[in-house]
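K.L.:
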Amino acid sequence: MYLLFVMPAAFLLFFLYLVPLARILVISATDGQGFAANYGAVLTSEPIHRMVWTTIEICAITTAATLLISYLIAYVLVQASERTRTWMMLCILVPLWVSVLVRAFAWIAVLNNNGPVNGLLQWSGLVDEPVQLVRNQFGVMLGMVHYMLPFGILPLYAAMKGIDPRLISAARAVGARPFTAFRRVFLPLSIPGLYSSFVIVFIFSLGFYVTPAILGGGRIVMIAEYIALLISQGYDWGIAAALATMLLSVVFAVVFIAGRFADWDAVLGGSRR
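Count along the sequence shown starting at 1, add 227, and that's the number in the numbering used here.
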């Protein structure tokens, strides 16, 4: 009976995931000049190096900003009343129902030279002329952080929800100040949830395509967009597949290393041991 439930999922996983991945590996080793030329081009090309470092920089800053904001919001969620928590959770989940394309264009409308943000800055006297807030790295990271917040908040909230509040009460009972109780008790117990959020946010950030393409305006190119350009404009499937394979290797490494410390039981609704 168990196999009857597992087989459809295994079938889909094999044909929709494993087979395409195997195909990418084969293309990276056989297309064009072959394995050495394709991977050598990825490792020695100066434009690819700049694009990779841009991607890493954007992903690192986006992940750090997302985790910081997510931690604060998740902590407020845990401490809030049931009614407040419901409304906050609704505000967190509603953006997930809006297309990433719509959100990206909405950010352009808000941040462009004639948008409300620049209007407010000029009205307040902070700037004399519009500030370039889109079609640059700042706009890309802002859009990515906004998109990733639900994915950072929810794992952290699940992990924090599993922390026994009596532990904090016990720390306060023996004389610990509120901040000390948070730093010595609550924060260490929430670290596994932080690892979970890190894995999800960082991996999603590595594969971002629509948001950087729109908010970057062609000036900021990340790995996913570069792979698409190699295929659609350069028709260089070998180098594109090699770059995709190396990106996949980084994803697996992050999942393996950071995932070992993540609290997946809490994230998936299980109980703490």
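We put the beta carbon where it would ideally sit given N, CA and C, even for glycine.
Only a predicted model underlies this, so the values are computations on that prediction, with no experimental measurement involved.
Since I believe residue 334 is in contact with residue 295 (beta carbons under 8 Å), could you give me their beta-carbon distance rounded to a whole number of angstroms?
P.N.:
Locating residue 295 in the sequence shown gives position 68, where the first residue counts as 1. Locating residue 334 in the sequence shown gives position 107, where the first residue counts as 1. Actually they are not in contact, since the Cβ atoms of residue 295 and residue 334 sit about 20 Å apart, beyond 8 Å.
K.L.:
Measuring CA to CA, which of 246, 240, 324, 266 is closest to residue 465?
P.N.:
As a working note, residue 465 is residue 238 in the sequence shown. Among 246, 240, 324, 266, the Cα nearest to that of residue 465 belongs to 266.
K.L.:
Between residue 500 and residue 253, what straight-line distance do the alpha-carbon atoms span, to the nearest angstrom?
P.N.:
The residue given as residue 500 occupies position 273 in the sequence shown. The residue given as residue 253 occupies position 26 in the sequence shown. Note that residue 500 scores a pLDDT of 45, beneath 50, so its modelled location is shaky; the value from the coordinates is reported in the next line. The alpha-carbon atoms of residue 500 and residue 253 are separated by roughly 43 Å.
K.L.:
For residue 452, count the other beta carbons within 10 Å of its own beta carbon; 16 or more makes it buried, fewer makes it exposed. Which is it?
P.N.:
Within the sequence shown, numbered from 1, the residue matching residue 452 stands at position 225. By the 10 Å Cβ count, residue 452 comes out buried.
K.L.:
In terms of residue numbering, what span does the alpha helix (DSSP H) encompassing residue 455 cover?
P.N.:
Stepping through the sequence shown from its first residue, residue 455 is reached at position 228. Element bounds for residue 455: 450-459.
K.L.:
Residue 235 by DSSP, collapsed to three states: which one?
P.N.:
The residue you call residue 235 lines up with position 8 of the sequence shown. Helix, per DSSP.
K.L.:
Straight-line CA distance for residue 351 to residue 259?
P.N.:
By 1-based counting over the sequence shown, the position of residue 351 is 124. By 1-based counting over the sequence shown, the position of residue 259 is 32. Roughly 57 Å between the two C-alpha positions.
K.L.:
Between the C-alpha atoms of residue 304 and residue 391, what's the straight-line distance to the nearest angstrom?
P.N.:
As a working note, residue 304 is residue 77 in the sequence shown. As a working note, residue 391 is residue 164 in the sequence shown. Taking the straight line from one Cα to the other gives about 15 Å.
K.L.:
Kindly confirm or deny that the stretch 423-435 and the stretch 281-293 touch, where touching means at least three C-beta pairs closer than 8 Å.
P.N.:
Taking 8 Å as the limit for Cβ pairs, the verdict is that the stretch 281-293 does touch the stretch 423-435.
K.L.:
Could you give the uninterrupted runs of the alpha helix (DSSP H) lying entirely in the stretch 398-450, keeping only those of 4 residues or more?
P.N.:
Entirely contained in the stretch 398-450, the alpha helix (DSSP H) runs reaching 4 residues are, in chain order, 405-408, 414-433, 437-442.
K.L.:
Would residue 241 pass as an interface residue toward chain C - the criterion being a Cβ-Cβ separation below 9 Å?
P.N.:
Reference to chain C is not applicable here, since this structure consists of a single protein chain.
K.L.:
What residue does the alpha helix (DSSP H) around residue 384 start on, and which one ends it?
P.N.:
Against the sequence shown, residue 384 aligns to sequence position 157. Segment 364-388, the alpha helix (DSSP H) holding residue 384.
K.L.:
Taking the alpha helix (DSSP H) that residue 349 belongs to, which residues open and close that run?
P.N.:
On the sequence shown, residue 349 is found 122 positions in, with the first residue counted as 1. Segment 343-350, the alpha helix (DSSP H) holding residue 349.
K.L.:
Between which two residues does the alpha helix (DSSP H) harbouring residue 260 extend?
P.N.:
For the purposes of this step, residue 260 is taken as the residue at position 33 of the sequence shown. Element bounds for residue 260: n/a, residue is neither H nor E.
K.L.:
Short check: CB of residue 387 to CB of residue 289, under 9 Å?
P.N.:
As a first step, residue 387 must be located in the sequence shown, where it is residue number 160. As a first step, residue 289 must be located in the sequence shown, where it is residue number 62. Result no, Cβ atoms of residue 387 and residue 289 do not sit closer than 9 Å.
K.L.:
Under a three-way DSSP split, which group does residue 359 fall into?
P.N.:
Numbered from 1 along the sequence shown, position 132 holds the residue referred to as residue 359. Three-state result, residue 359: coil.
K.L.:
Evaluate residue 311 with the Cβ neighbour count: other Cβ atoms within 10 Å of its Cβ, from every protein chain shown; 16 or more gives buried, anything less gives exposed.
P.N.:
By 1-based counting over the sequence shown, the position of residue 311 is 84. So residue 311 ends up on the exposed side.
K.L.:
Between residue 327 and residue 438, which are expected to be in contact by the criterion C-beta below 8 Å, what is the C-beta distance as a whole number of angstroms?
P.N.:
Your numbering for residue 327 matches position 100 in the sequence shown. Your numbering for residue 438 matches position 211 in the sequence shown. Right, their Cβ atoms sit about 6 Å apart.
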